[in-house]
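So the sequences go chain by chain: V and L. Taking this note's numbering as reference, the numbering of the first sequence is continuous, increasing by one, and the terminal residue is 443. Taking this note's numbering as reference, the numbering of the second sequence is continuous, increasing by one, and the terminal residue is 443. Using N, Cα and C, we set each Cβ at its ideal position, and we do this for glycine too. Every value quoted in this text rests on a predicted model; they were computed, and no experiment measured them. Quick notes on the structure that follows.
2 protein chains.
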Amino acid sequence: MTGATTGKVRKIATEEAFSIPEVAEALKDVVRGPSLSLDKLLVGGIYDSKPTDEGYAKMSFLDGLLDVEDRRLKEMDRFGVDMHILSLTAPGVQMFDADTATDLAALANDRLAEICQRHPTRFAGLASFAPHSPKRAAKEMERVIVDLKLNGFILNSHTYDEYLDDQKFWPALEAAEALGACIYIHPRAASYGLKGPLQDYGMDSAMWGYGVEVGTHAVKMMAAGVFDRFPKLTICIGHMGEAIPFWLWRINFMNSRAQVIGRAPKTELSIAEYFQRNFVITTSGVEDPLALRYSIDKLGADRVMWAIDYPYQPTEPAVQFIDAAPLSDQERALVCHQNAERIFRIAPAA
Amino acid sequence: MTGATTGKVRKIATEEAFSIPEVAEALKDVVRGPSLSLDKLLVGGIYDSKPTDEGYAKMSFLDGLLDVEDRRLKEMDRFGVDMHILSLTAPGVQMFDADTATDLAALANDRLAEICQRHPTRFAGLASFAPHSPKRAAKEMERVIVDLKLNGFILNSHTYDEYLDDQKFWPALEAAEALGACIYIHPRAASYGLKGPLQDYGMDSAMWGYGVEVGTHAVKMMAAGVFDRFPKLTICIGHMGEAIPFWLWRINFMNSRAQVIGRAPKTELSIAEYFQRNFVITTSGVEDPLALRYSIDKLGADRVMWAIDYPYQPTEPAVQFIDAAPLSDQERALVCHQNAERIFRIAPAA
């Protein structure tokens with residue numbers, strides 16, 4: 094129950110995946126059913142493969158997702174990781190019908206809150222919700238923050254091929270803003286209209302398609318003016334900001350021009366200003382010191398958080414990466430724990 | 094006919110657009126005809142708008158595309174730009190039927206060669222070809238390099254929604270490799286299967302969709318193993334490498350894993366190795382000193398070339414950007430002209 098004793102800076106890992114058996118079982122049904130979703134490729138491999146299947150042993154992420162308090166805690170101890178901020182792994186509840194999604198989100202949130210209560214210094218949690226039932230989602234979002242004391246929300250990008258620029262989802266955004274709780278937009282495979290050239294060569298998921306999907310989602314929200322309606326909403330995106338920090342000059346320049354000539358909606362702020370005000374990013378899956386340095390120089394050290402992406406990425410190199418990264422002590426403290434404490438309302442270490 | 098006299102380092106701008114009246118007229122017909130192409134949004138604005146249309150005056154790129162030897166040369170002189178490497182602007186000939194495309198590519202190449210011959214120190218040229226007629230394309234590619242002495246090739250990403258991983262296009266790749274001539278993959282709007290969420294808010298073109306399209310194209314080629322078949326082929330991509338330099342750690346890690354578990358084809362080299370060996374990038378449309386510094390630190394100063402993206406981007410800030418960028422003299426010489434001289438076989442300044 095105590096924090097890992099490393100003598101080093103506190104380490105809060107911010108994009109750490111878990112699941113519960115009920116969701117895993119329901120995803121197996123989804124995989125076996127009819128669907129054109131590009132998620133089926135990877136989700137099938139995780140939830141519906143057998144020990145005899147090729148590749149199973151090398152991609153047995155399911156055990157790592159379902160275990161939280163046993164091997165995971167030991168691995169955290171071994172490598173000096175103080176806390177995982179847990180979130181129900183992609184695609185979350187967003188491939189289920191709205192009723193099932195609502196029920197399973199609540200169940201997963203209850204379990205998550207229990208884990209966090211048992212290990213308050215080791216685990217925090219981002220709650221799930223069913224975006225396709227927006228009003229029930231808003232109620233659940235209030236329950237998990239006020240009653241369950243969870244730390245924010247997880248959303249796995251599009252929901253049945255629709256994005257948060259669509260006003261049907263805005264009750265959820267309104268709730269998040271009112272609760273002062275951040276929404277982490279995590280990848281899932283690209284939506285139907287975006288998946289065409291991403292179906293081959295393993296490009297559907299983390300190699301490429303995930304970044305296309307979430308980057309598109311974030312730009313869509315900014316260009317649509319979502320943050321004029323919800324100026325205090327904070328969105329977190331992983332994978333070093335899904336490359337948006339690197340694209341920012343061009344997005345900003347071209348959006349400004351598009352507004353002038355009537356090809357993009359007028360917005361109160363520029364894209365660069367929205368990204369700086371309404372977004373924070375994490376390092377999940379991008380253990381590149383140059384990319385980290387770039388992002389901090391671009392956005393400021395108070396906008397970047399460390400993450401592992403457990404169990405999809407191994408813990409040890411993620412720890413070595415952040416330990417060796419060319420950061421000042423102040424920057425390292427912000428990236429490793431202070432930003433996470435502020436954004437996800439986690440108590441500072443005693 | 095002489096180079097601009099600046100007293101500064103020679104400046105060769107590497108992604109500079111032009112057109113000819115015949116192609117502009119044919120594109121107007123394409124815009125007015127039936128097509129689901131996402132390119133119609135922007136192409137219509139450029140080729141089929143009237144002076145009375147809203148936004149026309151602010152987006153009158155057509156004049157800048159059709160003029161090469163008058164105002165363009167004056168602007169180059171004014172801001173100390175020694176040379177434009179010209180290429181037929183997107184979507185090039187790739188929205189025409191194969192016969193029309195083949196004919197118009199040859200016509201545009203002839204005109205381009207004449208311009209370069211009249212101003213050998215001010216203009217070089219990348220030749221067009223019709224990828225959807227691959228064998229005729231290969232013949233034209235030989236003609237423009239051997240007979241017309243042009244400097245490389247331009248391709249505007251997908252052709253009727255297909256990419257260069259498709260072996261039907263490989264005669265063109267074989268020709269480019271045999272000729273030792275680089276192919277510049279320039280953006281056009283995303284292919285049919287990729288365009289779904291890119292249709293609103295001006296996201297179809299340079300603000301976002303162009304990068305999604307060309308980045309996807311480049312990753313597709315590497316992941317498919319195209320460069321095992323064409324190890325000496327050089328591909329140039331603009332817009333600071335379409336963010337692939339920033340994504341490289343993750344693409345490489347995930348592709349390696351995908352190969353191990355059988356989700357991606359086995360290739361001889363890693364993605365990072367292909368990108369380093371077979372790709373060069375330009376700065377077009379990304380006038381961000383941090384992104385330039387990152388790219389040079391990641392890829393080496395011999396893989397990055399300066400560009401303006403005339404007439405779509407203004408000349409003066411592009412020049413100011415590269416003059417002020419935090420580069421050593423050696424790096425600046427490489428980025429401003431030496432790399433372009435080597436890759437596009439341009440004679441060094443006398």
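- THR195 of chain V is positioned such that its CB atom lies closer than 7 Å to that of SER226 of chain V.
- Under the DSSP definition of a beta bridge, TYR277 of chain L partners with L:ILE247 and L:CYS329.
- Within chain L, the C-beta atoms nearer than 8 Å to that of LYS313 of chain V come from PRO290, ASP293, TYR294 and MET296, in chain order.
- The straight-line gap separating the alpha-carbon atoms of ALA183 of chain L and GLU424 of chain V is approximately 43 Å.
- In summary, the residues of the stretch 385-400 of chain L whose CB is separated from some CB of chain V by less than 7 Å are TYR387, ASP390 and LYS391, in the order they occur in the chain.
- Under DSSP, GLY295 of chain V shares a beta bridge with no residue.
- Under the Cβ criterion (8 Å, minimum of three pairs), the stretch 308-316 of chain L does not count as touching the stretch 160-175 of chain L.
- Residue pairing by DSSP leaves VAL307 of chain L without any beta bridge partner.
- Around the beta carbon of LYS133 of chain V, 16 or more other beta carbons sit within 10 angstroms, so the residue counts as buried.
- GLU255 of chain V is bridged by DSSP to V:THR252.
- DSSP, read as helix, strand or coil, puts THR408 of chain V in helix.
- Contact between the stretch 253-272 of chain L and the stretch 318-332 of chain L is established, with three or more Cβ pairs separated by less than 8 Å.
- Spatial neighbours of TRP399 of chain L in its own chain (CB-CB distance under 6 Å, excluding positions within 5 residues in sequence) are listed in chain order as THR376, ILE415, VAL428 and CYS429.
- Taken through DSSP and simplified to helix, strand or coil, LEU131 of chain V comes out as coil.
- A distance below 6 Å between beta-carbons, with the five flanking residues on each side excluded, links LEU420 of chain L to no residue of its chain.
- In the same chain as ALA223 of chain V, and ignoring 5 residues on each side of it, the C-beta atoms closer than 7 Å to its own belong to VAL186, ALA191, ALA194, THR195, ALA198, ARG229 and ALA230, in chain order.
- For VAL237 of chain V, the closest alpha carbon among the candidates V:LYS101, V:GLU168 and V:SER221 is that of V:SER221.
- The shortest CA-to-CA distance from VAL412 of chain V to any of V:ILE354, V:TRP263, V:ARG125 and V:ASP170 is the one to V:ASP170.
- Of L:ARG281, L:VAL353, L:ILE247 and L:ALA282, the smallest CA-CA separation from ALA265 of chain L is found for L:ILE247.
- Secondary structure at GLU109 of chain L: strand, using DSSP grouped into helix, strand and coil.
- Look at PHE216 of chain L here: in three-state DSSP terms it is strand.
- Residue-level contact check: TRP263 of chain L does not touch chain V, since none of the beta carbons of chain V fall below 7 Å from its beta carbon.
- As summarised for the stretch 153-233 of chain L, the continuous beta strand (DSSP E) elements at least 3 residues long and confined to that stretch are 176-181 and 216-220, given in chain order.
- Listed along chain V, no residue sits closer than 7 Å to ILE330 of chain L by beta-carbon distance, the nearest being about 13 Å off.
- The continuous beta strand (DSSP E) containing ILE374 of chain L extends over residues 372-375.
- Neighbourhood of TYR285 of chain V in chain L, by CB distance below 9 Å: GLY289, in chain order.
- Rounded to the nearest angstrom, the Cβ distance from ILE278 of chain V to ALA201 of chain V is 18 Å, too far for a contact under 8 Å.
- Residue contact with chain L for ASP321 of chain V: absent (no Cβ-Cβ distance below 7 Å to any residue of chain L).
- Of L:GLY295, L:PRO338 and L:PRO407, the smallest CA-CA separation from GLY355 of chain V is found for L:GLY295.
- Assigned with DSSP and collapsed to three states, VAL397 of chain V falls in strand.
- Going by C-alpha positions, LYS242 of chain V is about 21 Å away from VAL373 of chain V.
- When the Cα atoms are used, GLY318 of chain L and ASN348 of chain L turn out to be separated by approximately 12 Å.
- At least 7 Å separates the beta-carbon of GLY273 of chain V from that of ASN244 of chain V.
- Here GLU118 of chain V carries a helix assignment [DSSP, helix/strand/coil].
- The Cβ-Cβ distance between ASP321 of chain L and THR360 of chain L falls below 7 Å.
- Between the alpha carbons of PRO441 of chain V and THR214 of chain V lies a distance of about 9 Å.
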